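**Q** Just so we're aligned, residue 1 is where the sequence shown starts under full-length UniProt numbering, counting upward by one.
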Amino acid sequence: MDLELLTQGRWRSEKKRLIGFALRFGDKRLAVATMHALRTLDDRFLAADAHGVFGAVIAVATHGNRIVGFGFAADRGEGGSLVVVHPDARGLGIGAKIVEAMIGRLGSMTCNVAADNTASMAICFKLGMKAVSMHRGPTGKPTLRFEKTSSAEAPVSV
Numbered sequence: 001m002d003l004e005l006l007t008q009g010r011w012r013s014e015k016k017r018l019i020g021f022a023l024r025f026g027d028k029r030l031a032v033a034t035m036h037a038l039r040t041l042d043d044r045f046l047a048a049d050a051h052g053v054f055g056a057v058i059a060v061a062t063h064g065n066r067i068v069g070f071g072f073a074a075d076r077g078e079g080g081s082l083v084v085v086h087p088d089a090r091g092l093g094i095g096a097k098i099v100e101a102m103i104g105r106l107g108s109m110t111c112n113v114a115a116d117n118t119a120s121m122a123i124c125f126k127l128g129m130k131a132v133s134m135h136r137g138p139t140g141k142p143t144l145r146f147e148k149t150s151s152a153e154a155p156v157s158v
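1. Could you give the residue range of the beta strand (DSSP E) that holds residue 21?
2. Is it the case that the stretch 24-38 contacts the stretch 124-132, given that we only count it when at least three CB pairs across the two stretches are under 8 angstroms?
3. Starting from residue 96, trace the alpha helix (DSSP H) both ways and give me its first and last residue.
4. Residue 80 to residue 20, Cα distance in whole Å?
5. Between the stretch 40-56 and the stretch 110-122, can you find at least three pairs of beta-carbon atoms closer than 8 angstroms?
6. Just to check my reading of the structure: residue 85 and residue 94 have Cβ atoms closer than 8 angstroms, yes? What is that Cβ distance to the nearest angstrom?
7. Pull up the CB-CB distance for residue 46 and residue 6, whole angstroms please, since I reckon it's below 8 angstroms.
8. DSSP beta-bridge partners for residue 131?
9. Within the 8 angstroms Cβ cut-off, does residue 115 reach chain D?
10. Check whether the Cβ atoms of residue 98 and residue 122 lie closer than 8 angstroms to each other.
11. Need the endpoints of the alpha helix (DSSP H) that residue 118 sits in, please.
12. When you compare the CB positions of residue 1 and residue 57, do they come within less than 8 angstroms of one another, or not?
13. On the CB-based measure, 16 or more other CB atoms within 10 Å of its CB, does residue 120 come out buried or exposed?
14. With a 10 Å radius around its C-beta and 16 neighbouring C-beta atoms as the bar for buried, classify residue 105 as buried or exposed.
15. My output table needs one value for residue 38: the three-state DSSP class, helix, strand or coil.
16. Hey, would you say residue 61 sits closer than 8 angstroms to residue 3, going by beta carbons?
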């Protein structure tokens, strides 16, 4: 498996393919707002700003030319985040590798996971993300908010 963090140009060329992948294999668990954020993503956010900060990340896992999974996060997850893994590739650790790469790129990340989505919760806990609150998600389900700061960007005490 290869993992690629998309550049602006690669996003432009892969956008339709990845959105189609998400719709086909997202198991109807993807929030409408997150899909909207992905569809309308300004590709400039995939490049670092003058301070080296990325506004968004898209990580794509492939096996040959075949997409086996991908993840997206905007504004460190506050602007939406998702991970989709092809059903034939689930249980192989691909989702965790995608999320780990996204956290590495962004420095920190939040995500919201419906309480009945045990596979996604398992990824979050495996990567040391902390469940910090619970709320009702967009479909009315109990939803956990997870947060993680990479070791490269530890919180600063004042």
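Positions of the beta carbon are idealized from the N, C-alpha and C atoms, including for glycine.
What you are looking at is a predicted structure, and each value in this text was computed from that prediction instead of being measured.
**A** On the basis of the data shown:
1. Premise fails: residue 21 lies in the alpha helix (DSSP H), 8-25, not in any beta strand (DSSP E).
2. A contact between stretches requires three or more CB pairs, one per stretch, nearer than 8 angstroms, and the stretch 124-132 fails this requirement with the stretch 24-38.
3. For residue 96, the enclosing alpha helix (DSSP H) has its first and last residue at 94-106.
4. Those two C-alpha atoms are separated by around 18 angstroms.
5. Result no; under three Cβ-Cβ pairs closer than 8 angstroms.
6. That pair is a contact at about 5 angstroms.
7. Right, their Cβ atoms sit about 6 angstroms apart.
8. In the DSSP output, where bridge partners are listed per residue, residue 131 has 146.
9. Of the protein chains in this structure there is only one, and it is not chain D.
10. Not in contact: residue 98 and residue 122 (Cβ atoms no closer than 8 angstroms).
11. For residue 118, the uninterrupted alpha helix (DSSP H) run begins and ends at 118-126, by DSSP.
12. Not a contact, by the Cβ cut-off of 8 angstroms.
13. With a 10 Å radius around the Cβ and a threshold of 16 neighbouring Cβ atoms, residue 120 comes out buried.
14. Residue 105 is buried by the Cβ-count criterion.
15. In the three-state reduction of the DSSP assignment, residue 38 falls in the helix class.
16. Yes.
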